[in-house]
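Below is one structure; the comments refer to it alone.
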Amino acid sequence: MSAIIKTPELIEKMRIAGKLAAQVLEMIGEHVKVGVTTDELNTLCHNYIVDVQGCIPAPLNYGYPPFPKSVCTSVNHVICHGIPDDKPLKNGDSVNIDVTVIKDGVHGDTSKMFFVGEPNIQAKRLAKVTQECLYKAIEIVKPGCRLGDIGEVIQKHAEAASYSVVRDFCGHGIGEGFHEEPQIVHYGKAGTGEELKAGMCFTIEPMINAGTYRLKVLKDQWTAVTKDRKLSAQWEHTLLVTENGVEVLTLRNDEDFPRVISH
Ligand code: MF3
Ligand code: CO
Ligand code: CO
Numbered sequence: 051m052s053a054i055i056k057t058p059e060l061i062e063k064m065r066i067a068g069k070l071a072a073q074v075l076e077m078i079g080e081h082v083k084v085g086v087t088t089d090e091l092n093t094l095c096h097n098y099i100v101d102v103q104g105c106i107p108a109p110l111n112y113g114y115p116p117f118p119k120s121v122c123t124s125v126n127h128v129i130c131h132g133i134p135d136d137k138p139l140k141n142g143d144s145v146n147i148d149v150t151v152i153k154d155g156v157h158g159d160t161s162k163m164f165f166v167g168e169p170n171i172q173a174k175r176l177a178k179v180t181q182e183c184l185y186k187a188i189e190i191v192k193p194g195c196r197l198g199d200i201g202e203v204i205q206k207h208a209e210a211a212s213y214s215v216v217r218d219f220c221g222h223g224i225g226e227g228f229h230e231e232p233q234i235v236h237y238g239k240a241g242t243g244e245e246l247k248a249g250m251c252f253t254i255e256p257m258i259n260a261g262t263y264r265l266k267v268l269k270d271q272w273t274a275v276t277k278d279r280k281l282s283a284q285w286e287h288t289l290l291v292t293e294n295g296v297e298v299l300t301l302r303n304d305e306d307f308p309r310v311i312s313h
């Protein structure tokens with residue numbers, strides 16, 4: 051219940067951080083191909099974030115045990131928090147790259163699904179439905195919208211496609227903190243939960259599974275995988291609640307979606 055209402059000065063910084071995070075995803079796309087390792091993708095992102103953008107990669111050394119890399123790369127049945135490694139990507143893999151940059155003391159957090167080589171039909175369908183979940187949720191964001199409204203829209207769309215919504219990870223308030231209040235869960239009942247107010251910034255980042263929503267965290271204490279080893283997908287945007295709608299702070303050039311929605 052203690053979501054931070056951002057000042058106009060902070061909001062301007064959030065716009066910049068959000069745009070920079072989006073630009074990392076725009077940059078990395080052409081490098082995601084058969085044979086590249088997620089470590090190599092991590093290095094490309096790290097150097098771009100640090101040397102080109104003058105930003106800090108927020109995941110590096112975050113949490114406990116400290117996350118060892120600068121982006122998360124979650125391949126196939128990895129739900130989230132995949133650690134970049136030296137294993138080459140292969141034809142048909144799908145990978146979520148999750149980028150969080152810090153610029154001028156504020157965070158921009160966003161992720162996108164990429165496909166390696168020839169598209170896998172199942173992975174494409176799952177990723178499409180998951181992106182639709184994100185977009186449908188963004189479309190209802192405005193002052194007075196309740197957190198349960200967001201959860202219900204996502205859950206209904208995922209379950210209509212006979213997919214499941216991950217329960218154990220959620221979206222979050224964001225700003226000077228990486229993970230601020232409130233928690234944005236991706237399932238629930240309309241008309242319940244906290245009301246959104248103008249000036250709040252938060253992420254929506256649904257993780258949708260082809261099979262069960264149940265998960266397992268590997269011994270590295272980060273990598274979350276589906277319990278049934280079926281595919282998972284995720285997309286994430288950082289949002290600002292405006293007086294009459296929402297602004298997508300991390301919108302990319304490759305998206306066919308409005309940056310600002312006014313109701
Ligand atoms: N970017 C993730 C999120 O969307 C968090 C990653 S934490 C890390 O909230 F340590 F794994 F990087
Ligand atoms: Co996030
Ligand atoms: Co993220």
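Count along the sequence shown starting at 1, add 50, and that's the number in our numbering. We put the beta carbon where it would ideally sit given N, CA and C, even for glycine.
*6 Å Cβ shell around cysteine 220 - same chain, five flanking residues per side excluded*: Within the sequence shown, numbered from 1, the residue matching residue 220 stands at position 170. Excluding residues within five positions, the ones whose Cβ falls inside 6 Å are Gln233, Ile234, Val235.
*Range of the contiguous beta strand (DSSP E) that encloses cysteine 130*: Indexing the sequence shown from 1 puts residue 130 at position 80. Counting along the chain, the beta strand (DSSP E) containing cysteine 130 begins and ends at 128-130.
*asked:* Cutting at 8 Å between CB atoms, please list the residues of its own chain near lysine 314, excluding the five before and the five after it.
replied: An answer regarding residue 314 cannot be provided, because it is not within the stretch 51 to 313 covered by the chain.
*Rounded straight-line distance, which links the Cα of glutamine 205 to that of valine 215*: Walking along the sequence shown from the start, residue 215 turns up at place 165. Walking along the sequence shown from the start, residue 205 turns up at place 155. If I take the Cα positions, the gap works out to 6 Å.
*Which same chain residues, not among the five before or five after glycine 68, have their C-beta less than 6 Å away from its C-beta?*
Within the sequence shown, numbered from 1, the residue matching residue 68 stands at position 18. Only Gly158, Thr288, Leu299, Thr300 meet the Cβ criterion.
*Should valine 166 and valine 82 be called a contact, given that it needs their Cβ atoms to be closer than 8 Å?*
What you label residue 166 is simply residue 116 of the sequence shown in a count that begins at 1. What you label residue 82 is simply residue 32 of the sequence shown in a count that begins at 1. Against a cut-off of 8 Å, the Cβ pair of valine 82 and valine 166 comes out as a contact.
*Alpha carbon of serine 124 to alpha carbon of valine 151, nearest angstrom*: Working through the sequence shown from its first residue, we reach residue 124 at position 74. Working through the sequence shown from its first residue, we reach residue 151 at position 101. Straight-line Cα distance between these residues: approximately 18 Å.
_Beta-carbon gap between aspartate 154 and isoleucine 66 smaller than 8 Å_ = Residue numbering aside, residue 154 sits at position 104 when the sequence shown is read from its first letter. Residue numbering aside, residue 66 sits at position 16 when the sequence shown is read from its first letter. Yes.
*asked:* Suppose contacts are defined by Cβ-Cβ distances below 8 Å. Is glycine 142 in contact with asparagine 170 by that definition?
replied: Walking along the sequence shown from the start, residue 142 turns up at place 92. Walking along the sequence shown from the start, residue 170 turns up at place 120. Yes.
*Check: threonine 150 C-beta below 7 Å from any heavy atom of ligand 3*: The count along the sequence shown starts at 1 and reaches residue 150 at position 100. Under cutoff, so the answer is yes.
*Just how far apart, CA to CA, sit leucine 75 and glutamine 181?*
Numbered from its first residue, the sequence shown carries residue 75 at position 25. Numbered from its first residue, the sequence shown carries residue 181 at position 131. Between leucine 75 and glutamine 181, the C-alpha separation is close to 15 Å.
*asked:* Below 8 Å on the Cβ atoms is my contact criterion, and I expect glutamate 202 with isoleucine 311 to pass it. Report the Cβ-Cβ distance as a whole number of Å.
replied: The count along the sequence shown starts at 1 and reaches residue 202 at position 152. The count along the sequence shown starts at 1 and reaches residue 311 at position 261. Not really, about 19 Å apart at Cβ, beyond 8 Å.
*Consult DSSP for methionine 64 and reduce its assignment to one of helix, strand or coil.*
Stepping through the sequence shown from its first residue, residue 64 is reached at position 14. DSSP places methionine 64 in helix when its eight states are reduced to three.
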